[in-house]
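Numbering (our numbering), first residue to last: 38 to 200.
Using N, Cα and C, we set each Cβ at its ideal position, and we do this for glycine too.
Here is the structure we will look at, set down as C-alpha coordinates.
This is how it looks when you write it as C-alpha coordinates:
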(Lines of atoms letter the chains of each structure in order from A and count residues from 1; the text may use other names and numbers.)
(Lines give C-alpha, C1' and ligand atoms only; values in the text may rest on other atoms or scores of the structure.)
Protein backbone atom coordinates (compact mmCIF):
# COMPACT_ATOMS: atom_id res chain seq x y z
CA UNK A 1 0.00 0.00 0.00
CA UNK A 2 2.85 2.32 0.56
CA UNK A 3 5.72 3.20 2.83
CA UNK A 4 5.01 3.40 6.55
CA UNK A 5 5.90 6.49 8.55
CA UNK A 6 9.04 6.10 10.64
CA UNK A 7 8.58 4.49 14.00
CA UNK A 8 6.01 1.94 12.87
CA UNK A 9 7.23 -1.60 12.44
CA UNK A 10 5.46 -3.39 9.62
CA UNK A 11 7.36 -6.60 10.30
CA UNK A 12 5.72 -7.01 13.72
CA UNK A 13 4.63 -10.63 14.10
CA UNK A 14 0.92 -10.96 14.96
CA UNK A 15 0.31 -12.40 18.41
CA UNK A 16 -1.34 -15.79 18.90
CA UNK A 17 -4.82 -14.45 19.74
CA UNK A 18 -4.71 -11.60 17.23
CA UNK A 19 -7.41 -10.80 14.71
CA UNK A 20 -5.18 -12.02 11.88
CA UNK A 21 -4.50 -15.38 13.54
CA UNK A 22 -8.11 -15.92 14.61
CA UNK A 23 -9.57 -15.48 11.14
CA UNK A 24 -6.76 -15.75 8.57
CA UNK A 25 -4.15 -17.99 10.21
CA UNK A 26 -2.98 -19.81 7.08
CA UNK A 27 -4.49 -17.48 4.50
CA UNK A 28 -3.23 -14.47 2.63
CA UNK A 29 -5.71 -11.76 3.64
CA UNK A 30 -7.16 -9.87 0.68
CA UNK A 31 -9.97 -7.32 0.56
CA UNK A 32 -12.26 -9.91 -1.07
CA UNK A 33 -11.52 -12.47 1.66
CA UNK A 34 -11.91 -9.82 4.35
CA UNK A 35 -15.30 -8.77 2.99
CA UNK A 36 -16.51 -12.37 2.82
CA UNK A 37 -15.33 -12.93 6.40
CA UNK A 38 -17.16 -9.81 7.63
CA UNK A 39 -20.38 -11.05 6.01
CA UNK A 40 -20.21 -14.49 7.67
CA UNK A 41 -19.39 -13.26 11.20
CA UNK A 42 -22.13 -13.15 13.80
CA UNK A 43 -23.16 -10.30 16.07
CA UNK A 44 -21.27 -12.02 18.92
CA UNK A 45 -18.07 -11.13 17.09
CA UNK A 46 -18.92 -7.43 16.81
CA UNK A 47 -15.48 -6.20 17.85
CA UNK A 48 -13.81 -8.29 15.13
CA UNK A 49 -16.34 -7.03 12.57
CA UNK A 50 -15.53 -3.43 13.53
CA UNK A 51 -11.77 -4.04 13.27
CA UNK A 52 -12.13 -5.80 9.91
CA UNK A 53 -14.38 -3.04 8.61
CA UNK A 54 -11.69 -0.52 9.58
CA UNK A 55 -9.04 -2.50 7.71
CA UNK A 56 -11.33 -2.95 4.72
CA UNK A 57 -12.09 0.79 4.56
CA UNK A 58 -8.42 1.75 4.87
CA UNK A 59 -7.33 -0.76 2.24
CA UNK A 60 -9.99 0.46 -0.18
CA UNK A 61 -9.52 4.19 0.30
CA UNK A 62 -5.76 4.40 0.79
CA UNK A 63 -4.56 1.28 -0.90
CA UNK A 64 -5.99 -0.60 -3.77
CA UNK A 65 -9.44 -1.19 -5.10
CA UNK A 66 -8.32 -4.57 -6.42
CA UNK A 67 -9.79 -7.06 -3.97
CA UNK A 68 -7.26 -9.74 -4.88
CA UNK A 69 -4.21 -7.87 -3.58
CA UNK A 70 -2.97 -8.78 -0.13
CA UNK A 71 -3.71 -6.46 2.75
CA UNK A 72 -0.53 -5.69 4.69
CA UNK A 73 -0.27 -7.74 7.86
CA UNK A 74 0.82 -4.71 9.88
CA UNK A 75 -2.70 -3.29 9.48
CA UNK A 76 -4.10 -6.20 11.47
CA UNK A 77 -1.58 -5.58 14.25
CA UNK A 78 -2.50 -1.89 14.18
CA UNK A 79 -6.24 -2.45 14.65
CA UNK A 80 -5.55 -4.93 17.45
CA UNK A 81 -3.86 -2.09 19.37
CA UNK A 82 -6.47 0.65 19.74
CA UNK A 83 -3.96 3.22 21.08
CA UNK A 84 -1.55 2.61 18.19
CA UNK A 85 -4.44 2.93 15.73
CA UNK A 86 -5.44 6.28 17.21
CA UNK A 87 -1.83 7.57 17.27
CA UNK A 88 -0.98 6.39 13.76
CA UNK A 89 -0.04 9.42 11.61
CA UNK A 90 -2.67 8.88 8.92
CA UNK A 91 -1.96 12.24 7.26
CA UNK A 92 1.74 11.45 6.83
CA UNK A 93 0.90 7.99 5.59
CA UNK A 94 -1.55 9.27 2.98
CA UNK A 95 0.94 11.94 1.92
CA UNK A 96 3.71 9.36 1.43
CA UNK A 97 1.39 7.10 -0.58
CA UNK A 98 0.36 10.03 -2.77
CA UNK A 99 4.00 10.99 -3.42
CA UNK A 100 4.91 7.38 -4.17
CA UNK A 101 2.20 7.00 -6.80
CA UNK A 102 2.79 10.44 -8.32
CA UNK A 103 6.48 9.65 -8.79
CA UNK A 104 5.71 6.25 -10.20
CA UNK A 105 3.11 7.62 -12.60
CA UNK A 106 5.27 10.47 -13.85
CA UNK A 107 8.28 8.19 -14.35
CA UNK A 108 6.25 5.77 -16.42
CA UNK A 109 4.16 8.30 -18.31
CA UNK A 110 6.39 11.34 -18.73
CA UNK A 111 6.16 10.97 -22.50
CA UNK A 112 2.38 11.39 -22.45
CA UNK A 113 2.67 14.45 -20.23
CA UNK A 114 5.12 15.99 -22.71
CA UNK A 115 3.10 14.96 -25.75
CA UNK A 116 5.80 12.67 -27.13
CA UNK A 117 6.11 8.95 -27.73
CA UNK A 118 8.21 6.56 -25.64
CA UNK A 119 10.64 6.21 -28.52
CA UNK A 120 11.09 9.99 -28.79
CA UNK A 121 11.75 10.19 -25.04
CA UNK A 122 14.37 7.43 -25.25
CA UNK A 123 16.13 9.20 -28.12
CA UNK A 124 16.02 12.50 -26.24
CA UNK A 125 17.42 10.84 -23.10
CA UNK A 126 20.34 9.35 -25.05
CA UNK A 127 21.17 12.72 -26.60
CA UNK A 128 20.88 14.51 -23.23
CA UNK A 129 23.21 12.01 -21.55
CA UNK A 130 25.89 12.76 -24.12
CA UNK A 131 29.13 10.92 -23.56
CA UNK A 132 29.96 10.60 -27.25
CA UNK A 133 27.10 8.25 -27.96
CA UNK A 134 25.58 8.24 -31.36
CA UNK A 135 22.20 6.98 -32.40
CA UNK A 136 22.12 4.73 -35.43
CA UNK A 137 19.00 4.38 -37.51
CA UNK A 138 15.46 5.40 -36.64
CA UNK A 139 15.01 2.67 -34.04
CA UNK A 140 17.15 4.56 -31.51
CA UNK A 141 19.80 1.86 -30.98
CA UNK A 142 23.13 3.22 -29.83
CA UNK A 143 26.50 2.49 -31.36
CA UNK A 144 28.62 3.49 -28.33
CA UNK A 145 27.87 2.88 -24.66
CA UNK A 146 25.15 0.33 -25.28
CA UNK A 147 26.19 -1.72 -22.24
CA UNK A 148 26.16 1.34 -19.99
CA UNK A 149 22.62 2.17 -21.13
CA UNK A 150 21.45 -1.34 -20.22
CA UNK A 151 23.00 -0.96 -16.76
CA UNK A 152 21.25 2.40 -16.35
CA UNK A 153 17.92 0.79 -17.22
CA UNK A 154 18.48 -1.90 -14.59
CA UNK A 155 19.36 0.77 -12.01
CA UNK A 156 16.11 2.60 -12.85
CA UNK A 157 14.14 -0.63 -12.41
CA UNK A 158 15.82 -1.23 -9.04
CA UNK A 159 15.00 2.31 -7.92
CA UNK A 160 11.30 1.74 -8.71
CA UNK A 161 11.21 -1.41 -6.62
CA UNK A 162 12.97 0.31 -3.71
CA UNK A 163 10.32 3.02 -3.56
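Any idea which residues DSSP pairs residue 67 with across the strands?
As a position in the chain shown, residue 67 is number 30, starting the count at 1. Answer is 107, bridged to residue 67.
What are the boundary residues of the alpha helix (DSSP H) that includes residue 85?
Along the chain shown, read from residue 1 onward, the residue named residue 85 stands at position 48. Taken as a continuous stretch (DSSP letters only), the alpha helix (DSSP H) holding residue 85 covers 83-95.
Are the Cβ atoms of residue 96 and residue 68 separated by less than 8 angstroms?
Taking the first residue of the chain shown as 1, we reach residue 96 at position 59. Taking the first residue of the chain shown as 1, we reach residue 68 at position 31. Taking 8 angstroms as the cut-off, the Cβ atoms of residue 96 and residue 68 count as close.
Run the CB neighbour count on residue 129, radius 10 Å, all protein chains shown included, and call it buried at 16 or more, exposed below.
Taking the chain shown and counting its residues from 1, the one referred to as residue 129 is at position 92. Residue 129 comes out exposed.
Have a look at residue 59 and residue 161 and give me their C-alpha separation to the nearest angstrom.
Residue mapping note: residue 59 aligns to position 22 of the chain shown, counting from 1. Residue mapping note: residue 161 aligns to position 124 of the chain shown, counting from 1. Those two C-alpha atoms are separated by around 55 angstroms.
Simplified DSSP assignment, three categories, for residue 140
Here residue 140 corresponds to residue number 103 of the chain shown, with the count starting at 1. The answer is helix: DSSP assigns residue 140 an H, G or I state.
Excluding five sequence neighbours on each side, which residues of the same chain lie with their C-beta closer than 7 angstroms to the C-beta of residue 165?
As a working mapping, residue 165 is identified with position 128 in the chain shown. For residue 165, where only same-chain residues beyond five positions count, there are no Cβ hits under 7 angstroms.
Are there 16 or more other CB atoms within 10 angstroms of the CB of residue 115, so buried, or fewer, so exposed?
Position 78 of the chain shown, counted from the start, is the residue given in the question as residue 115. Classification for residue 115: buried.
Using the three-state DSSP reduction, which class does residue 124 fall into: helix, strand or coil?
Taking the chain shown and counting its residues from 1, one reaches residue 124 at position 87. Secondary structure at residue 124: helix, using DSSP grouped into helix, strand and coil.
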